[in-house]
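Asker:
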Amino acid sequence: MTATGHAVIGTVIAAKIGNPALAIPLAIASHALADSFPHWDPATNRKDKGIKQVTREAFFDVVLGFALSYILIQLLFPQVNIFYAFTIIIASQLLDWIAAPYYFFKIKFAPFVWSYKFQKKIEHRLDKPWGIINQIAIIALLVVLAKIF
Ligand SMILES: [Zn+2]
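Here's what the structure looks like:
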């Protein structure tokens, strides 16, 4: 999933679960679940667009994720502490952060490689536009549900 998708899921977890001992493991686990959902992300079609374009899109994706989460917290979940939300967002993106040094720089440190291979195994890709549209739909639904219940 996009970093933005993971960030919004992290925001929702932070808004609903105030106990970090519960929220952090749940956020980490949510990553695997979200990636198994058919999706587009910056790494989709990497061979065609090249690593530079992937890097640009990934950077934009990460910034967008933080910005959108910040806006959601201000508008919908103002009770949530911003540093707490940031922690849970990082936890929800953690597998990608761990895989990044291997993915972008080919640093073959075992945990980096493990995280990359683990995600390769579980992820389902779906190209644009549906791989983005369904992602927006499920994220929007999650936010609405979090606001109602
Ligand atoms: Zn991932």
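In numbering that gives the first Met the number 0, the protein residues as written are 0 to 148. We treat Cβ as the ideally placed atom computed from N, Cα and C, and that holds for glycine. Fair warning: this is a prediction, and the values are worked out from it, not measured in the lab.
Can you check which of these residues, Arg124, Leu75, Leu32 and Ser35, is closest to Ala13 by C-alpha distance?
Answerer: Of Arg124, Leu75, Leu32 and Ser35, the residue nearest in Cα terms is Leu75.
Asker: So, using beta-carbon positions, are Gln92 and His5 closer together than 7 Å?
Answerer: Going by C-beta atoms, Gln92 is nearer than 7 Å to His5.
Asker: Rounding to the nearest angstrom, what Cα-Cα distance links Ile27 and Leu94 in this structure?
Answerer: Roughly 7 Å separates the two Cα atoms.
Asker: When you measure from the CB of Leu25 to every non-hydrogen atom of ligand 1, does any distance come out below 6 Å?
Answerer: Incorrect: Leu25 has no Cβ contact closer than 6 Å to ligand 1.
Asker: What residues in its chain sit with their C-beta under 7 Å from that of Val61, if we drop five residues either side in the sequence?
Answerer: Counting only Cβ-Cβ distances below 7 Å, and skipping sequence neighbours, we find Ala2.
Asker: Name the two residues that bound the continuous alpha helix (DSSP H) containing His5.
Answerer: From DSSP, the alpha helix (DSSP H) with His5 extends over Ala2 to Lys15.
Asker: Which partner residues of His38 appear in the DSSP bridge assignment?
Answerer: Paired residues: Arg124.
Asker: From His30 to Ile106, what distance separates their C-alpha atoms?
Answerer: One C-alpha to the other measures close to 22 Å.
Asker: Check whether the Cβ of Gln118 lies closer than 6 Å to any heavy atom of ligand 1, and answer yes or no.
Answerer: Under cutoff, so the answer is yes.
Asker: So Met0 and Asp47 are supposed to be a Cβ contact under 8 Å. How far apart are they, rounded?
Answerer: With 8 Å as the limit, Met0 and Asp47 do not qualify as a contact, their Cβ atoms being about 20 Å apart.
Asker: Between which residues of its own chain and Gln134 is the CB-CB distance below 8 Å, once the five residues before and five after are set aside?
Answerer: If we look at Gln134 and ignore the five residues flanking it on each side, its Cβ neighbours are Met0, Thr1, Gly4, Phe36, His38 and Trp39.
Asker: Using a Cβ distance threshold of 8 Å, determine whether the region 76–85 contacts the region 7–21, with at least three qualifying pairs required.
Answerer: Judged by Cβ distances under 8 Å, the region 76–85 makes contact with the region 7–21, as three or more pairs qualify.
Asker: Helix, strand or coil for Ile106 per DSSP?
Answerer: It is coil, neither helix nor strand.
Asker: Distance, Cα to Cα, Val146 vs Ser68?
Answerer: Note that residue 146 corresponds to Lys in the displayed sequence, not to Val. If I take the Cα positions, the gap works out to 14 Å.
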